[in-house]
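Below you'll find the structure, written out as structure tokens, and then a few comments.
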Amino acid sequence: MPTLPAEQPPTGLQEAHRHRKIAESFGTDAERYDRARPRYPDALIERIVAACPGREVLDVGCGTGIAARQLRAAGCQVLGVEPDERMADVARRTGIDVEVATFEAWDAGGRAFDGVVAAQAWHWIDPTMGAAKAAQVLRPRGQLAIFAHVFEPPPAVAEALATAFRRLVPDAPFAFPPPGRAQDVALEGFAAVEDAIRRTAAFREPEQWRFDWERTYGRDEWLDLLPTTGALTRLPADTVAALLEEVGAAIDATPGGVTLTGTTLAVTAERR
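Going by my numbering, the final residue of the sequence shown carries number 273, and the count climbs one at a time with no gaps.
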């Protein structure tokens, strides 16, 4: 699910998994990714743990282990699956056990889990194959939880980012949604996820959870976050620098930094 600016392919979230090279480019600067990407609401983590029948959790597309560490702190035993060795290495250094593979190709080896989660990653997975495989590795009453942040910077900053991106990267496979549309795009993506879950006939009716939050970023924090987004991870360094310069100028003209009023959305379903 998209959330950080410009993580929406123009063909829609249902087709994001076809852009696998982008999905596997986040390790370009894995340390920055781990440092800059926002954490998930404690209330979400607590609700996932409470819904699982046990504490063994599989984290699909675990990245550098951001969600995995939060789940571990809440008492879970977490195994990560991550296609990028560079991201997996950062997660391992924080004590997370990670196996390197795409989820579609990953071999569970007969293992089963009480929960399968995907934090900011499910849109890179074939939705039909992903839901079916989650059902295969979940124990009865196990919980599938797919979640992501949805937010936008203030309009002036969002417009500066979109304008600079269109000019500097005219042939990019990504397109920025119009200001104010990020949540609509995310909800469309989650609706497709729910449909894929239903088609497996292996889960009870999916639920949507919502957690609202607000955070203010300083100029340097926001410019540290932007290069970790899928639209920028494969761009030349000079292009990224030029884009950040224009966005930085827009932030300088916005009193009080970048205040994000955001939402973390989740789709959950219980294995029959």
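Glycine included, each C-beta is placed from N, C-alpha and C at the ideal position.
Since the structure is predicted, the reported quantities are computational estimates derived from the model, not experimental observations.
- Residue state for Val170 is assigned as coil, using DSSP reduced to three classes.
- Leu233 sits in coil when the DSSP states are folded into three classes, being neither helix nor strand.
- When beta bridges are read from the DSSP output, Thr201 appears opposite no residue.
- The residue from Ala232, Phe114 and Tyr218 with its alpha-carbon nearest to that of Cys53 is Phe114.
- Here the segment 160–172 does not lie against the segment 97–112, with fewer than 3 beta-carbon pairs under 8 Å apart.
- Looking at the backbone, the Cα of Tyr218 and that of Val91 are separated by about 24 Å.
- Looking at the backbone, the Cα of Arg140 and that of Arg272 are separated by about 7 Å.
- Between the beta-carbon of Ala120 and that of Phe148 there is about 6 Å, and that keeps the pair under the 8 Å contact cut.
- Going by C-alpha positions, Val268 is about 19 Å away from Pro39.
- Rounded to whole angstroms, Ala202 and Trp123 show a C-alpha spacing of 19 Å.
- Scanning the segment 95–182 for uninterrupted beta strand (DSSP E) segments of 3 residues or longer gives 98–101, 114–120 and 139–151, listed from N- to C-terminal end.
- Note on the segment 23–67: whole beta strand (DSSP E) runs with a minimum of 3 residues are 57–61, in chain order.
- For Glu206, the three-state secondary structure derived from DSSP is coil.
- For Gly263, the three-state secondary structure derived from DSSP is strand.
- The segment 233–249 and the segment 180–191 do not touch, with fewer than three beta-carbon pairs separated by less than 8 Å.
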